[in-house]
Amino acid sequence: MNVLSDLLEIQSTSGDESSMREFLLNYINQRKDSWNVCPEIHFGTQLHDCLLLKFGNPRGAVFAHMDTIGFMSRYQNQLIPIGGPEVENGTYLIGEDKFGPIRCRVFEEDGNLFHDFGRKITPGTRLSFEQNVKISENFIQAAYLDNRLGIYNALNLCENLEDGWVVFSTFEEHGGGSVPAILEFIQKTSPIHFALISDITWITDGVLHDEGVVVSIRDKHIPRKKFLDKIIDLAAESNIPYQLEIESSGSSDGREVQFSPYFIDWCFIGAPEDNVHSPKEKVSLSDLDAMLKMYVYLMARL
Amino acid sequence: MNVLSDLLEIQSTSGDESSMREFLLNYINQRKDSWNVCPEIHFGTQLHDCLLLKFGNPRGAVFAHMDTIGFMSRYQNQLIPIGGPEVENGTYLIGEDKFGPIRCRVFEEDGNLFHDFGRKITPGTRLSFEQNVKISENFIQAAYLDNRLGIYNALNLCENLEDGWVVFSTFEEHGGGSVPAILEFIQKTSPIHFALISDITWITDGVLHDEGVVVSIRDKHIPRKKFLDKIIDLAAESNIPYQLEIESSGSSDGREVQFSPYFIDWCFIGAPEDNVHSPKEKVSLSDLDAMLKMYVYLMARL
Amino acid sequence: MNVLSDLLEIQSTSGDESSMREFLLNYINQRKDSWNVCPEIHFGTQLHDCLLLKFGNPRGAVFAHMDTIGFMSRYQNQLIPIGGPEVENGTYLIGEDKFGPIRCRVFEEDGNLFHDFGRKITPGTRLSFEQNVKISENFIQAAYLDNRLGIYNALNLCENLEDGWVVFSTFEEHGGGSVPAILEFIQKTSPIHFALISDITWITDGVLHDEGVVVSIRDKHIPRKKFLDKIIDLAAESNIPYQLEIESSGSSDGREVQFSPYFIDWCFIGAPEDNVHSPKEKVSLSDLDAMLKMYVYLMARL
């Protein structure tokens, strides 16, 4: 899991994913020749900060978002959220502006956010949680497991994938916006009819640690039943541990597949986490293992 | 109204419209040779569960959504809504899971929904209101008049339509998502410049039973005034009873036409109902009759 | 500023922009031969009420919305809002229905809006604030500076623009809907990779009168950092007064660029106003001057 350690140290709040894109591009270029199939790599200004890999003759795509939630400095010592971070008073944030590196604490008062840095932070500076990775026998705990684990899963899939797109998207935590353009590019280049969303979901009263990778029947949005049935049948026959999610809230890159101008089925599949959008996101290693295996299994058969 | 009786008995919550699509396809195949113009029929995996009929050389399209509101079983004995059903405690729901048919009652407590079925229902099972159709001299009352009447109106229009698309869409009650892909298909196949939304609206303090079909000047969204003026002028000269709706809430498939990447005008035209999204939706037969006639009149002249 | 006086007298609530489109088309046809580059003019039924000018070989586009907030008559003496107008009881509204011109006052009671006109107003009639323009040495105050000043800025830019689209859009104040179709047209005709939103923003605790044109780092939506950095670098070297906005709410035509199926960067750039969406919108003339200069500077260099 060396690459995961690296992934967890990179800052990339929504709209500022270029460092993560750069890291992934280097990693992929170093590894791709050892993969079962060497992918076509699509990136550059015309794709903004997104990164797309095309393996063989794709029938479907796997989406892993590169961005994280975070904070932006406003005027004076104010902060405003990027996406929906959970704030516990005194949590350390890090970032950098033109005057140098920043390490400060965040505080909430009457619904407003403040930092305690010793000097003014340039307005518009992006901050994110200071990283603190803890790995025990059964769990990993860190900031931004959502969605560093989804990226890690996508990279793992690359090793043996024969046919399919692997997509690293942007802006997911803050309303989205890159998936429509990614889909337009994919449908013109080598079209697909399904999408799997490689992302991390939430522990709830029906989704538990160590019960396997989550196949989501719905969150705020509902995928098409015929596609869900096919996925669930395959999951059942795979002998890989999985659990079903049925929630009325939450969303993902799947939302933008649902509303796209193409008939593309989608399903969210990922490990569940505790302490969502906090610096202490926590995922069971056995659920992560099931996630890795399920993607390999499904992408070979869908 | 034999076909309407059949339509009212089919379960098809948002995302699970395949039975309704199947029924309509059979019905259309049986009838199409008796219609004034025999349409091209478009359906299949590449269109998901949607169904599109192309008559002659279309200038516009009529959209009727096939899905209904309903419920999905969550964990334990919980339910979560599909779309926005009105819940009265003790209302009977029906459905089916792998263990057999289901008939149970729904209860709301502290904003959460529960069922009283004697066994666990497989998580992710879709339930909908038990049907109870009542037809009197002046009214029809049943579950899902929204949008079985809109489908019925579209089928009636098929008998004499010369030019136009008739579209049976999915997902309308739960945020939409099929209209963007339908429009992409239509604009590539035989493009249109207007859309009429064949759907059922609400009785309000200005929209009343027996005042005729509703031409909607606006709901949450506002169509373009130039197109509305044309529709209202035609409605006025038609001698078919109609009333105008001006509301600040409510939405329809028209929303996704408004936000589509094509310059397509749209207008919602349909009979109004009482007891919206309950098992006792109620529509005046004279308003339904005006709806049928208005669509025939408008589609020949727009 | 003669043309601005004319712009301020034209009624054009969202969905009813044809008078403004007509005025602009006439103005442009009279002036275009005196401009540095004579643009291609795109308009007509196939573009609804939008108006697009293509200068030279565009790399980007400037968007100015033509619509304003306002009111629509409902049933009896009720009104409902178009967009989000600020209502002060007793404010005068004007409009016209088939029975003649209308001048009445608006009142709010328990969250509902009413008018006091002496007769019934035809349901669906559009009303907007009576205009009252006041120009002092340092400020302009009037209804609809948002977005008459954005249009004025776009027209000023036309005089010297060499390469770029100048776009007059519709529906911005009421949820949007024309930008997706405009972008589809632009990308098929002469594609772009950036968009500047020529619109008016808000005075806040960090955005002040007389501090220069606002370059918005974010509102509810966040543009891509790489593009913002380029804009801010250019603004800094321009010596034109500018200030940075970092807000968590507010939106513009930029929203629809963000969610479009094209990789198009965007940034909101405009003067700030007090008394937003009231009949007394107030903008500093020096900020307006900086806005005019900044667009000329940026469009030559981006």
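Protein chains in written order, with the numbering used here: chain U, 16 to 317; chain E, 16 to 317; chain B, 16 to 317.
Backbone N, C-alpha and C fix where the C-beta goes; we use that ideal spot for every residue, glycine too.
The structure displayed is predicted, hence computed values, not measured ones.
(request) State the CB to CB distance for the pair E296/U and A76/U, rounded to an integer number of angstroms; the pair is presumed to be in contact (CB under 8 angstroms). (result) Along the first sequence, one-based indexing puts residue 296/U at 281. Along the first sequence, one-based indexing puts residue 76/U at 61. The Cβ separation is near 25 angstroms, so there is no contact.
(message) For G110/B, list the residues DSSP reports as bridge partners.
(response) Working through the third sequence from its first residue, we reach residue 110/B at position 95. Answer by DSSP bridge pairing, in chain order: I117/B, L142/B.
(request) Can you say whether E252/E is buried or exposed, counting buried as having 16 or more other CB atoms within 10 angstroms of its CB? (result) Counting from one through the second sequence, the residue named residue 252/E turns up at place 237. So E252/E counts as exposed.
(request) Give a yes or no on whether the C-beta atoms belonging to T231/E and E260/E are separated by under 8 angstroms. (result) Taking the first residue of the second sequence as 1, we reach residue 231/E at position 216. Taking the first residue of the second sequence as 1, we reach residue 260/E at position 245. With the sequence shown as reference, residue 231/E is identified as Ser, and Thr is not the correct amino acid for it. Yes, the Cβ-Cβ distance between S231/E and E260/E is below 8 angstroms.
(request) Have a look at V148/B and H80/B and give me their C-alpha separation to the nearest angstrom. (result) Counted from its first residue, the third sequence places residue 148/B at position 133. Counted from its first residue, the third sequence places residue 80/B at position 65. Each residue's alpha carbon lies about 20 angstroms from the other.
(request) Find the residues of chain B that neighbour Q146/U, judging by a C-beta separation of less than 7 angstroms, and give them in chain order. (result) Taking the first residue of the first sequence as 1, we reach residue 146/U at position 131. In chain order: nothing, as chain B lies at least about 20 angstroms away.
(message) Tell me which residues share the same chain as F38/U and place their Cβ nearer than 8 angstroms to its Cβ, disregarding the 5 neighbours each side in the sequence.
(response) Counting from 1 along the first sequence, the entry for residue 38/U is found at position 23. Excluding sequence neighbours, F38/U sits near D21, L22, I25.
(request) Compare the C-alpha of D178/E against each of V311/E, L40/E, Q146/E and name the closest. (result) Residue numbering aside, residue 178/E sits at position 163 when the second sequence is read from its first letter. Nearest option by C-alpha distance: V311/E.
(message) Give me the residue from E288/U, I109/U, S205/U with the minimum Cα distance to P73/U.
(response) As a working mapping, residue 73/U is identified with position 58 in the first sequence. P73/U has its Cα closest to that of S205/U, out of E288/U, I109/U, S205/U.
(message) Going by DSSP, what residue range makes up the beta strand (DSSP E) through Y257/B?
(response) As a working mapping, residue 257/B is identified with position 242 in the third sequence. Run containing Y257/B: 257-261, per the beta strand (DSSP E) assignment.
(request) Ignore the nearest five residues each way along the sequence and tell me which others in L249/B's own chain have a CB closer than 8 angstroms to its CB. (result) Taking the third sequence and counting its residues from 1, one reaches residue 249/B at position 234. Excluding sequence neighbours, L249/B sits near Y312, L313, R316, L317.
(message) Assuming contact is defined by CB atoms lying nearer than 8 angstroms, are F122/B and F114/B in contact in what I supplied?
(response) Along the third sequence, one-based indexing puts residue 122/B at 107. Along the third sequence, one-based indexing puts residue 114/B at 99. Contact: no.
(message) Please give the ranges of any alpha helix (DSSP H) in the stretch 138-195 of chain U, keeping only runs that are unbroken, at least 4 residues long and fully inside the region.
(response) 160-173
(request) Can you give me, in chain order, the residues of the stretch 33-66 of chain U that have a beta carbon less than 9 angstroms from any beta carbon in chain B? (result) S33, T60, Q61, L62, H63, D64, C65
(request) Decide yes or no for the touch test of the stretch 226-245 of chain U against the stretch 178-187 of chain U: beta carbon pairs closer than 8 angstroms, at least 3 of them. (result) no
(request) Pull out every residue of the stretch 84-114 of chain B whose Cβ sits closer than 9 angstroms to any Cβ of chain E, in chain order. (result) M87, S88, R89, Y90, Q91, Q93, I95, P96, I97
(request) For chain B, find out if any of its Cβ atoms is closer than 8 angstroms to the Cβ of D9/U; answer yes or no. (result) Only positions 16 to 317 of chain U appear in this structure, which leaves residue 9/U out of reach.
(request) My understanding is that F274/E touches H63/B, with C-beta atoms under 8 angstroms, so please give their C-beta distance in whole angstroms. (result) Counting from one through the second sequence, the residue named residue 274/E turns up at place 259. Counting from one through the third sequence, the residue named residue 63/B turns up at place 48. Actually they do not touch by this definition, with Cβ atoms about 13 angstroms apart.
(message) Please give the ranges of any alpha helix (DSSP H) in the stretch 20-95 of chain U, keeping only runs that are unbroken, at least 4 residues long and fully inside the region.
(response) 33-46
(request) May I ask which residues mark the beginning and end of the alpha helix (DSSP H) holding R316/B? (result) As a first step, residue 316/B must be located in the third sequence, where it is residue number 301. Where R316/B is concerned, the enclosing alpha helix (DSSP H) stretches over 300-316.
(message) Please report the straight-line C-alpha distance between N127/B and Q93/B, rounded to a whole angstrom.
(response) Within the third sequence, residue 127/B is the residue found at index 112, counting from 1. Within the third sequence, residue 93/B is the residue found at index 78, counting from 1. Their Cα atoms are separated by approximately 8 angstroms.
(request) Could you check if I212/E is buried or exposed, using at least 16 other CB atoms within 10 Å of its CB as the buried criterion? (result) Numbered from 1 along the second sequence, position 197 holds the residue referred to as residue 212/E. Classification for I212/E: buried.
(request) Answer yes or no: the CB of R270/U versus the heavy atoms of the ligand ATP, is any distance below 7 angstroms? (result) Of ligands this structure carries none, so the ligand ATP is not represented either.
(message) In the DSSP output, what is A210/B paired with across the bridge?
(response) Mapped onto the third sequence, residue 210/B falls at position 195. DSSP lists A76/B, W281/B as partners of A210/B.
(request) With 7 angstroms as the C-beta to C-beta threshold (strictly closer), list the residues of the stretch 259-288 of chain B near chain U in chain order. (result) L259, I261, S263, Q273, F274, S275, P276, Y277, F278
(message) Taking only three categories from DSSP, how would you classify T204/E?
(response) What you label residue 204/E is simply residue 189 of the second sequence in a count that begins at 1. Helix.
(request) Over the uninterrupted beta strand (DSSP E) stretch that includes Q247/E, give me the two end residues. (result) Residue numbering aside, residue 247/E sits at position 232 when the second sequence is read from its first letter. Reading the sequence as shown, one finds Ile at residue 247/E and not Gln. Not the beta strand (DSSP E): I247/E falls in the alpha helix (DSSP H), residues 240-253.
(request) Starting from the C-beta of E103/U, find all residues in its chain whose C-beta is less than 6 angstroms away, skip the five residues before and the five after it, and write them out in chain order. (result) For the purposes of this step, residue 103/U is taken as residue 88 along the first sequence, with counting starting at 1. Nothing listed; no residue qualifies.
(message) Please report the distance separating the alpha-carbon of P238/E from that of E271/E.
(response) The residue you call residue 238/E lines up with position 223 of the second sequence. The residue you call residue 271/E lines up with position 256 of the second sequence. P238/E and E271/E: Cα-Cα distance of roughly 12 angstroms.
(message) Is it buried or exposed, D48/E, if we count other Cβ atoms within 10 angstroms and call 16 or more buried?
(response) The residue you call residue 48/E lines up with position 33 of the second sequence. Exposed: under 16 other Cβ atoms inside 10 Å.
(message) Can you check whether the C-beta of E199/U is within less than 8 angstroms of a C-beta belonging to chain B?
(response) For this step, residue 199/U is matched to residue 184 along the first sequence. Yes - at least one Cβ of chain B is within 8 angstroms of the one on E199/U.
(message) Cutting at 7 angstroms between CB atoms, please list the residues of its own chain near I207/U, excluding the five before and the five after it.
(response) Translated into the one-based positions of the first sequence, residue 207/U becomes position 192. Closer than 7 angstroms at the Cβ level, and outside the excluded window around I207/U, lie P73, R74, G75, A76, W180, I201, I279.
(message) Once DSSP output is grouped into helix, strand and coil, what is the label at I237/U?
(response) What you label residue 237/U is simply residue 222 of the first sequence in a count that begins at 1. Coil, per DSSP.
(request) Work out the CA separation of D289/U and D220/U for me, nearest whole Å. (result) Residue numbering aside, residue 220/U sits at position 205 when the first sequence is read from its first letter. Residue numbering aside, residue 289/U sits at position 274 when the first sequence is read from its first letter. About 12 angstroms.
(request) Report yes if the CB atom of K161/U is closer than 8 angstroms to the CB atom of V52/U, and no otherwise. (result) Looking up residue 161/U in the first sequence gives position 146. Looking up residue 52/U in the first sequence gives position 37. Just to set this straight, residue 161/U is Asp in the shown sequence, not Lys. No, the pair does not count as a contact, with Cβ atoms beyond the cut-off.
(message) Does any residue of chain B have a CB that is nearer than 8 angstroms to the CB of S29/U?
(response) For the purposes of this step, residue 29/U is identified with residue 14 of the first sequence, where counting begins at 1. Cβ-Cβ to chain B under 8 angstroms: yes for S29/U.
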